[in-house]
Amino acid sequence: MIKNLLHICVLLLILSACKPKEKPINTTEDTNQKATENSTPKITNTALVILGTVQDAGSPQIGCKKDCCKDLFTNPDPSRKVVSLGVVDTKNKATFLFEATPDIATQVKTLKNSANFNAYEIPTGVFLTHAHIGHYAGLMYLGKEAMNASNTPVYAMPKMKTFLENNGPWSQLVANQNIEIKATENNKTIQLTSTLKVVPFTVPHRDEFSETVGYTIIGPNKSALFIPDIDKWNKWEQDIITEIAKVDYAFIDATFFDAAEINNRDISEIPHPFIVESMELFKELTFTEKSKINFIHFNHTNPALNIKSAKAKQIIKNGFNIAQINGVYNL
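Read in order, the letters of the sequence shown are residues 22 to 352 in this note's numbering.
Here it is, written out as structure tokens:
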């Protein structure tokens, strides 16, 4: 009997040794994979959803040889989409996209799937902030080579409208009626539905081809500020602290954490407010006001892209938030 038991134990040990080892699941890559692939939000009240948080050129960025990129070329992080917001209006069964990014295909699908109604594949309207690549290049996928959309409303300021109408390939979208450009004006309210309004406002930025705007998005109960790109806060004629006080959420430019991050570039050419500068500017705000602030539009070099990094933890410790893909904010 004992001899038979020994034989069984030996056999079990051999089988156990031959069994494939399970892949560990506590890596950042695995966590991001699960968070983004399995957690498309379902919006039951009118709300804003984060569809992307990264600067125009994405992450990893083309040609990047830095440590922040090297692993991402072979093991992409699906949460790293170019900055974009979606709005789902449940009462009026409408969806709106803010920014037409190179990641538009997956972003509009997430927006559609987030709605608790049978939303169209293409949003009810698309809002553009300016003519830098990550903010309007996605329009190309509405053309005949891709979606061949029909008269998709695209909201744009005067210079942006003229730029699209008079420069290819964008002018072809207009000529083929893939898009219908809706002219907007500085500080003029747009009544989108019975419960949703949007107010564009100009901000200082590198306006080579168009003006740059931010948006106030006003829902039935709450409102949000969206400023993904701006030069230093003191260049703006408005006071950012006053503007934050007017809303419930503020999604603001966080392109670079500090100057050390971009020591290979002339900072005068890309004068965004550093996160450290913004935190210093906002340090006297109350806990409630700080909690409104969600940093967004992170350069691929920005350590705050990794929510587990020391810099990200510093931001959160100081009372601020870091926008995360698929995050939902009731309006």
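Ideal Cβ positions, reconstructed from N, Cα and C, are used throughout, including at glycine.
Would you decide whether Gly240 is buried or exposed? Buried here means 16 or more other CB atoms lie within 10 Å of its CB.
Against the sequence shown, residue 240 aligns to sequence position 219. Flag for Gly240 reads buried.
Quick check: what's the CA-CA separation for Leu132 versus Pro99?
Start at 1 with the first residue of the sequence shown, and residue 132 comes out as number 111. Start at 1 with the first residue of the sequence shown, and residue 99 comes out as number 78. Approximately 16 Å, taken between the alpha carbons.
According to DSSP, which residues form a beta bridge with Leu247?
Indexing the sequence shown from 1 puts residue 247 at position 226. For clarity, residue 247 is Phe in the given sequence; the question names Leu instead. Paired residue(s): Tyr236 and Phe272.
Please list the terminal residues of the continuous alpha helix (DSSP H) segment that includes Val129.
The residue you call residue 129 lines up with position 108 of the sequence shown. Note, Val129: alpha helix (DSSP H), Ile125 to Ser135.
Among the candidates Lys334, His321 and Asn347, whose CA atom is the shortest distance from the CA of Lys91?
Here residue 91 refers to the residue found at position 70 when the sequence shown is read from its first residue. Cα-wise, what sits closest to Lys91 is His321.
Between which two residues does the alpha helix (DSSP H) holding Leu302 run?
Position 281 of the sequence shown, counted from the first residue, corresponds to residue 302. Ile296 to Leu302 is the span of the alpha helix (DSSP H), which, as asked, contains Leu302.
Straight-line gap, Ser60 to Tyr162 (C-alpha atoms, nearest Å)
Here residue 60 is taken as the residue at index 39 of the sequence shown, counted from 1. Here residue 162 is taken as the residue at index 141 of the sequence shown, counted from 1. Spanning the two alpha carbons is a distance of roughly 25 Å.
Counted within 10 angstroms of its Cβ, other Cβ atoms place Thr65 as buried (16 or more) or exposed
As a first step, residue 65 is located in the sequence shown; it is residue number 44 there, counting from the start. Result: exposed.
Three or more C-beta pairs under 8 Å: does that hold for the segment 74 to 89 against the segment 179 to 191?
no
Does the segment 169 to 176 come close enough to the segment 195 to 213 to have 3 or more Cβ pairs within less than 8 Å?
yes
Per DSSP, Ile343 forms a beta bridge with which residues?
Looking up residue 343 in the sequence shown gives position 322. According to DSSP, Ile343 bridges with Phe316.
Around the C-beta of Asn134, are 16 or more other C-beta atoms found within 10 angstroms, so that it is buried, or is it exposed?
Translated into positions along the sequence shown, residue 134 becomes position 113. Exposed, by the Cβ-count rule.
Once DSSP output is grouped into helix, strand and coil, what is the label at Phe119?
Taking the sequence shown and counting its residues from 1, the one referred to as residue 119 is at position 98. Here Phe119 sits in strand by DSSP.
With distances taken from CA atoms, which of Ala152, Ala68 and Glu120 is nearest Ile75?
Position 54 of the sequence shown holds residue 75. In the sequence as presented, Ile is not what sits at residue 75; that position holds Val. The candidate whose alpha carbon is nearest that of Val75 is Glu120.
For Tyr236, I'd like the list of residues in its chain whose CB is within less than 6 Å of its CB, leaving aside the five on either flank, ordered along the chain.
As a working note, residue 236 is residue 215 in the sequence shown. Result list for Tyr236: Val219, Pro221 and Phe247, in chain order.
Along the chain, where does the beta strand (DSSP E) containing Glu201 start, and where does it finish?
Numbered from 1 along the sequence shown, position 180 holds the residue referred to as residue 201. Run containing Glu201: Ile200 to Ala204, per the beta strand (DSSP E) assignment.
Report, in whole angstroms, the separation of the C-beta atoms of His318 and Thr276, which I expect to be a contact under 8 Å.
Along the sequence shown, one-based indexing puts residue 318 at 297. Along the sequence shown, one-based indexing puts residue 276 at 255. Right, the Cβ-Cβ distance comes to about 6 Å (below 8 Å), so this counts as a contact.
Would DSSP call Pro221 helix, strand or coil?
Counting from one through the sequence shown, the residue named residue 221 turns up at place 200. Of the three classes helix, strand and coil, the one that applies to Pro221 here is strand, per DSSP.
Work out the CA separation of Lys180 and Asn188 for me, nearest whole Å.
Position 167 of the sequence shown, counted from the first residue, corresponds to residue 188. Position 159 of the sequence shown, counted from the first residue, corresponds to residue 180. Approximately 12 Å between the Cα atoms of the pair.
So, Asn351 versus Lys243, is the Cβ gap smaller than 8 Å?
In the sequence shown, the residue the question calls residue 351 occupies position 330. In the sequence shown, the residue the question calls residue 243 occupies position 222. Contact: yes.
Host beta strand (DSSP E) of Ile71 (start-end):
Within the sequence shown, the letter at position 50 stands for residue 71. Looking at the DSSP string, the run of the beta strand (DSSP E) that includes Ile71 is Ala68 to Gly73.
Identify the residues that DSSP records as bridge partners of Pro174: which are they?
Position 153 of the sequence shown holds residue 174. DSSP lists Glu201 as partners of Pro174.
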